[in-house]
Each structure stands twice: as structure tokens, then as C-alpha cells.
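Residue numbering for the sequence shown follows this note's numbering, starting at 1011 and increasing by one per position.
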Amino acid sequence: MARRRRVEEEHENHERWLVSYADFITLLFAFFVVMYSLSSVNEGQYRVLSDSIVQAFRSLSINDSGRQLIVPPVIKPLPPASAELREATEARRKQTAAQMRSMADEIRRVMGSLAQNGQVTVSEGAFGISIEINAALLFAPGEAALGGSASEALRAVAQVLAASVFPITIEGHTDNTPINTYRFPSNWELSAVRASTVARLFIDSGVRPDRLTAAGYADQRPVADNAAEAGRGRNRRVTILLESHDAEPAPIGPAIIPPNDPIRSILPTAPAVSSGSQAESGSVSQ
């Protein structure tokens, strides 16, 4: 009986292939139905589909592990500058150069004998006017307080610069002789405070604060050899740089990005705000 039952079970197993065959026929039928439906789409529908895909990819932002892949829009090149624009730019450049020459001559005049004996050097270059003043005329050794005569000379220079709109950078420089006092632990602090002292005097003399930048460089930018006393004397200086380009207006508030600007696609959802203070090494800005 056991052998007969085993033969009957094997006979039933041979009929199960019909299930797989029926599934295959069903899938094959569905495949041909899809192919037939695609063959009936005309050229106009293909074009609509293609345009829709291209438009979707232009505005698509694909996020991959925090990185965004943006398909940028087509940017047309800017047209060449017109003759009127070139003439206006050249006229403005000549006007700026004339203003620079006039201010340089006026600074030499107000500095008087100091500019003649080499204690003050006024030079003109492609980037503006550079006024180099020997620190011995302005400060006592190891100090950052201006003397009486030095203050009057700097006020005269400030009055000349106050009438312009060009950015002004005031640099403090020292020699390589180390300093270690309660107020000035190193030459970085001394050079920075000297530059900011001159900047405050300029503000009191009518120069707009947003035009000023004060920076201390310690002994990192020497103009002479520190091995000799004459060279160290030259390196102890204050340099006033009047840049030849117009000062950019100070920002009033956060910029507003138009809704259709492509830059919005890569901006974060919330602006990152840094609560930490930026460390500065011997540099002061006003």
C-alpha cells in the first residue's frame, strides 16, 4: 500500500507546471498590450512628454547625503559694453586720478617740513595714495598715545581726506624688538592700538567711520633691515592708505532674494547663525 501511495503522489507533481506556464502567458500578454499602447502614441504626445521631462529636471533638486545636484538654467552671455559706457568709465577714471593727485599735493603741503626731511613719505600708485609716517613723530617708545604736535599734523591730513569718499586703511607697524608690558603683551597689541588711535582721531576730525579700517601688523612687514638701528627706526611706522576705488555703501539690512532666483534652490531652509566670536590676531576693524 505504501508503494502505491508514493506512485500516486509522483503522478500529481507532474501537473504543477501548468501554474507557472499560466503565469508566464499572462505576463507575456500584458507585455504585448503595453507595447501596443505605446505604438499608438503620436509624435505630438512624444514632444509634450519630452518637454515636461526637461522642465522637471531644470527645477529638480536631488539630495544625496546632504549634497544637492542642481541643473542650472541656461545663462545668456552679457552683451559687450556700449561706447557710452566705456566713455563714462574712462571719464570717471580720469576724474579719480585727478582727485588723487590733488589730495597728494595737499597732504604734502599740510605736512610741511616733515615731508621734506623724510619723516613723512607721500607716494602715489596704481591703487591710490600711501602716507608713511615715522612712529617717533607720533608716539613715545612703547606707547600708543599721540603727542600734541603729532595730533595737529594728523588732524590736518584728516581734514584733507574727509572731503573724499575713498576707503582708508590705517596700518600700525613695529620693529622686531619684543615688548611685554601690562597693556601691550606683544608688538601685535602695540601696533593695533596705535592704528586704532589714529583712526579715532580721524573720526573726531570728520572722516566717516565706515570708510576706515585699522590693522596692526607688528614686525611682520618690515621695509628695512632690523639688524641696524636705522632700519628698526624705519620699520616703526604708521601707514595711511587711501584706496583709489569708491567706498561701497554699508549694508542697511539683509538682502532680499527674488522668488524666481535660481540661487534659492541651493540655499538652506534656515540661515546658519554663528554665536561664537571671531578670533582676531593683531587686527582691528572699524
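Don't be surprised by glycine CBs; every beta carbon is placed ideally from N, CA and C.
Under the three-state reduction of DSSP, which class applies to N1144: helix, strand or coil? Strand, per DSSP.
Just confirm the distance between the C-beta atoms of E1134 and M1110, as a whole number of angstroms; I'd bet it's less than 8 Å. Their Cβ separation, rounded to whole angstroms, is 6 Å, which keeps E1134 and M1110 in contact under 8 Å.
Residue interval of the alpha helix (DSSP H) (run including A1101): The continuous alpha helix (DSSP H) containing A1101 extends over residues 1093 to 1121.
Between S1174, G1152, I1180, which has its C-alpha nearest L1164's C-alpha? Between L1164 and the set S1174, G1152, I1180, the nearest pair of CA atoms involves I1180.
Assuming the contact rule is C-beta atoms closer than 8 Å, R1247 and N1144 should be a hit. Round their C-beta distance to whole Å, please. Between N1144 and R1247 the Cβ distance is about 6 Å, and since that is below 8 Å, they are a contact.
Return helix, strand or coil for L1222, following the three-state DSSP convention. In the structure shown, L1222 adopts extended strand secondary structure according to DSSP, grouped into three states.
Can you have a look at T1187 and say buried or exposed, based on whether 16 or more other CB atoms are within 10 angstroms of its CB? Counting C-beta atoms within 10 angstroms of its own C-beta, T1187 has fewer than 16 neighbours from the protein chains shown and is therefore classed as exposed.
Any idea if W1198 is buried or exposed, counting beta-carbon neighbours within 10 angstroms, 16 or more meaning buried? Buried: at least 16 other Cβ atoms inside 10 Å.
Kindly indicate which three-state DSSP category T1249 falls into: helix, strand or coil? Three-state DSSP puts T1249 in a strand.
Would DSSP call T1191 helix, strand or coil? In this structure, T1191 counts as coil in the three-state DSSP scheme.
Boundaries of the alpha helix (DSSP H) in which V1132 is found, first to last residue: Looking at the DSSP string, V1132 is not in any alpha helix (DSSP H); the run it does join, the beta strand (DSSP E), is 1130 to 1135.
To the nearest angstrom, how far is the alpha carbon of L1124 from that of S1159? So the two alpha carbons sit approximately 11 Å from each other.
Where DSSP assigns a beta bridge to G1182, which residues make up the other side? Under the DSSP definition of a beta bridge, G1182 partners with G1226, V1248.
Please list the terminal residues of the continuous alpha helix (DSSP H) segment that includes E1153. E1153: not part of any alpha helix (DSSP H); DSSP gives it neither H nor E.
Chain-order list of residues whose beta-carbon lies under 6 Å from that of L1028 (same chain, five-residue window excluded): There are no such residues.
I1178 and L1095: beta carbons closer than 9 Å? Cβ distance not < 9 Å, so I1178 and L1095 don't count as in contact.
Find the nearest neighbour of R1218 within the set D1229, A1173, I1189, N1245, judged by alpha-carbon distance. The option with the nearest alpha carbon to R1218 is A1173.
Could you give the residue range of the alpha helix (DSSP H) that holds F1212? Looking at the DSSP string, the run of the alpha helix (DSSP H) that includes F1212 is 1197 to 1214.
With the cut-off set at 9 Å, would you say A1234 and A1202 are in Cβ contact? Result no, Cβ atoms of A1234 and A1202 do not sit closer than 9 Å.
Alpha-carbon to alpha-carbon, S1140 and A1098: A direct Cα-Cα distance of roughly 27 Å separates A1098 from S1140.
Measure the alpha-carbon distance for G1243 versus P1232 and round it to whole angstroms. Distance between the alpha carbons of G1243 and P1232 is about 10 Å.
Quick check: what's the CA-CA separation for N1127 versus M1121? N1127 and M1121 have their C-alpha atoms roughly 11 Å apart.
Assign N1245 to one of two classes, buried (16 or more other C-beta atoms within 10 Å of its C-beta) or exposed (fewer than that). Buried, by the Cβ-count rule.
Within a Cβ cutoff of 8 Å, which residues of the same chain sit near G1152, ignoring the five residues on either side of it in sequence? I1189, T1191, F1194, L1200.
Rounded to the nearest angstrom, what separates N1073 and T1249 at their Cα positions? No answer about N1073 holds up, because its pLDDT of 48 lies below 50 and its placement is not dependable.
With distances taken Cα to Cα, identify the nearest neighbour of L1222 among L1171, A1107, F1042. The shortest C-alpha separation from L1222 is found at L1171.
Span separating the alpha-carbon of I1117 from that of L1156: Looking at the backbone, the Cα of I1117 and that of L1156 are separated by about 19 Å.
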